[in-house]
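100 is the number that full-length UniProt numbering gives to position 100 of the sequence shown; each next residue is one higher, with no gaps.
Here the structure is laid out as structure tokens; the discussion comes afterwards.
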Amino acid sequence: MSKPHFPPALPAPAAVPGIKGEENGCLLLPTYSVPGSMLCVIYHLDNPMGKMSSSPLSKKRRVSGPDPKPGSNCSPAQSVLSEVPSVPTNGMAKNGSEADIDEGLYSRQLYVLGHEAMKRLQTSSVLVSGLRGLGVEIAKNIILGGVKAVTLHDQGTAQWADLSSQFYLREEDIGKNRAEVSQPRLAELNSYVPVTAYTGPLVEDFLSGFQVVVLTNTPLEDQLRVGEFCHNRG
């Protein structure tokens, strides 16, 4: 029986504190898929730590180190740090530009949605009608998603049965309006998203101020009326 063949061991890198090796101005990390191959990664120190990358995918590789030397054969695209301006509103600058989305706050969403979808989210006002178990779960996720603003609508009062599924209601809230009681607790989820409560009727003048309308626990007649209004407005 022949002996198993093992690839030759990689040569030991230069002894540099905290670094595997150095060549052509790049820090080298050994890879073991091909014997003797090396992965070249550029580390920048001119940007302070804590700044977000212009691409959310590079966040996983965010580290510090020296600048690359002139003549380096490493691609500039491998740079892992860049500067992002401060964000005073819901993850975007006051002008709402796409480039100013706060990648530190919404990094996981950016992996899935991309910048264009996030830009549309952060310019949309959302109405959630019906604050029982389903409605409060929808409102929670929308607020965490970072929309422009959320309005909670409910004309009903909290009942004992609501406590089994509406996790923002408490025993002392029985008999109080569900939207008004839930509003301050939901607002704590994301300080960038204004959350308000509304207890009046869903009239057309009120609905026209929203880009998204979500109905739960709503009579069929009202669903048809609101649905037709929204479709007519595009």
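All residues carry an ideal CB built from backbone N, CA and C; glycine is no exception.
Predicted, not measured: the structure shown is a model, and the values here were computed from it.
Leaving out five residues before and five after residue i in sequence, what residues of the same chain have Cβ atoms less than 8 Å from its Cβ?
i    : result
A149 : S125, V126, V193, P194, V195, T196
N177 : D154, Q155, G156, T157, A158, A197, T199
I138 : V128, V214, T216
R108 : none
Q183 : L152, V195, T196, A197
Report the CB separation of residue i from residue j in whole angstroms; it is logged as a contact under 8 Å.
i    : j    : result
D173 : A161 : Their Cβ separation, rounded to whole angstroms, is 13 Å, which puts D173 and A161 out of contact at 8 Å.
A179 : L152 : 4 Å
L169 : V181 : 6 Å
Suppose the cutoff is 7 Å on Cβ atoms and the five residues either side in sequence are ignored; what does the same chain contact list for residue i look like?
i           : result
E228        : none
P201        : none
V226        : L202, L207, V213, L215
residue 235 : With the chain covering 1 to 234 only, the question about residue 235 has no answer from this structure.
E204        : F229
I143        : V150, L186, L189, N190, V193, V195
Q223        : L215
G175        : T157, A158
L121        : G145, G146, V147
Enumerate in chain order the residues of its own chain whose CB-to-CB distance from residue i is below 6 Å, with the five nearest sequence positions on each side excluded.
i    : result
Q166 : R132, G133, V136
F210 : S125, L127
N141 : none
E171 : none
Determine whether the Cβ of residue i lies closer than 8 Å to any Cβ atom of chain B.
i    : result
V195 : Of the chains in the structure shown, none is chain B; there is only one protein chain.
Checklist entry - Can you list the beta strand (DSSP E) stretches of 3 or more residues lying completely in the UniProt domain "THIF-type NAD/FAD binding fold" (106–233), in chain order? => result 125–129, 149–153, 195–198, 212–215
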